[in-house]
Amino acid sequence: MQIFPLSLDATWQQVESPQLCHDTFPASLHDWLTEPCSLTAKLKSHCRHFAVEVLNEQLALAPHALGWADGFSQQSMWCREVLLWCDGKPVVYGQSWIPQTLLTMTKLGNTPLGEVLFQEPRWTRKGIEIATLNGPLKPLLLRLALEVRQKYARRSVFEQGQQQMLVCEVFLTETPCR
Numbered sequence: 312m313q314i315f316p317l318s319l320d321a322t323w324q325q326v327e328s329p330q331l332c333h334d335t336f337p338a339s340l341h342d343w344l345t346e347p348c349s350l351t352a353k354l355k356s357h358c359r360h361f362a363v364e365v366l367n368e369q370l371a372l373a374p375h376a377l378g379w380a381d382g383f384s385q386q387s388m389w390c391r392e393v394l395l396w397c398d399g400k401p402v403v404y405g406q407s408w409i410p411q412t413l414l415t416m417t418k419l420g421n422t423p424l425g426e427v428l429f430q431e432p433r434w435t436r437k438g439i440e441i442a443t444l445n446g447p448l449k450p451l452l453l454r455l456a457l458e459v460r461q462k463y464a465r466r467s468v469f470e471q472g473q474q475q476m477l478v479c480e481v482f483l484t485e486t487p488c489r
């Protein structure tokens, strides 16, 4: 049984960090992990059929372990969890933490959040952090009949004025689209 939201507790490092060892991440994922533009657009350009499956949407306490913005941990936020599918294969698990003040962002349905963020130039990305995840996705991976092993993830804080949201993306395979 899956418990939402899934934990993305990890040691996150800035992409530009000198401590970041690029040997830690597969070469096939490097361009995906460091993509500065819309991951949704990149996925769509590499497959014929793209789809979003909403796994969970709920108000939840932002976990302290996310450590992404002072003042947001243990605050009730809208958590959205999705799977991004390319040509019938699940390739990315997405988890977003959206302040309740951004109600329009909580009514997306199967519209990708990335599509909305990159169409609105007032949203800016504060950088990209990357991490490896070992155990928290196991129930989801088993449900999807995917190999249960270390996965690679990225996350970014997006800002618009005083508003911030966190977008996390976990690559379920080492080659998202062939």
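312 is the number of the first residue of the sequence shown in our numbering; add one for each residue after it.
All C-beta atoms in this analysis are idealised placements derived from N, C-alpha and C, irrespective of residue type, glycine included.
These figures come from a predicted structure and were not determined experimentally.
Item	Value
Just mark alanine 373 as buried or exposed, buried being the case when its beta carbon has 16 or more other beta carbons within 10 Å.	buried
The beta strand (DSSP E) spanning valine 459 covers which residue range?	Where valine 459 is concerned, there is no enclosing beta strand (DSSP E), given that its DSSP letter is neither H nor E.
List, from N- to C-terminal side, the alpha helix (DSSP H) runs of 4 residues or more that fit wholly inside the stretch 403–444.	424–430
With C-beta atoms as the reference, is valine 365 less than 8 Å away from cysteine 488?	no
Where does the unbroken alpha helix (DSSP H) through arginine 454 begin, and where does it stop?	449–454
Short of 8 Å in beta carbon distance, which residues of its chain neighbour leucine 370, apart from the five on each side in sequence? Order them along the chain.	Ser387, Met388, Trp389, Cys390 and Gln411
Expressed to the nearest angstrom, what Euclidean distance is found between the alpha-carbon atoms of proline 432 and threonine 415?	16 Å
Which complete alpha helix (DSSP H) runs does the stretch 333–372 hold, if anything under 4 residues is left out?	338–344 and 350–356
Using a Cβ-Cβ cutoff of less than 7 Å, which residues in the same chain neighbour isoleucine 409 once the five nearest sequence positions on both sides are dropped?	Met388, Trp389, Arg391, Met416, Thr417 and Met476
Leucine 477 bridges to which residues according to DSSP?	Trp408 and Val468
Using a Cβ-Cβ cutoff of less than 6 Å, which residues in the same chain neighbour leucine 424 once the five nearest sequence positions on both sides are dropped?	Ser407
Alpha carbon to alpha carbon, what distance is there between aspartate 342 and glutamine 473?	30 Å
Are the CB atoms of histidine 360 and glycine 405 within a distance shorter than 8 Å?	no
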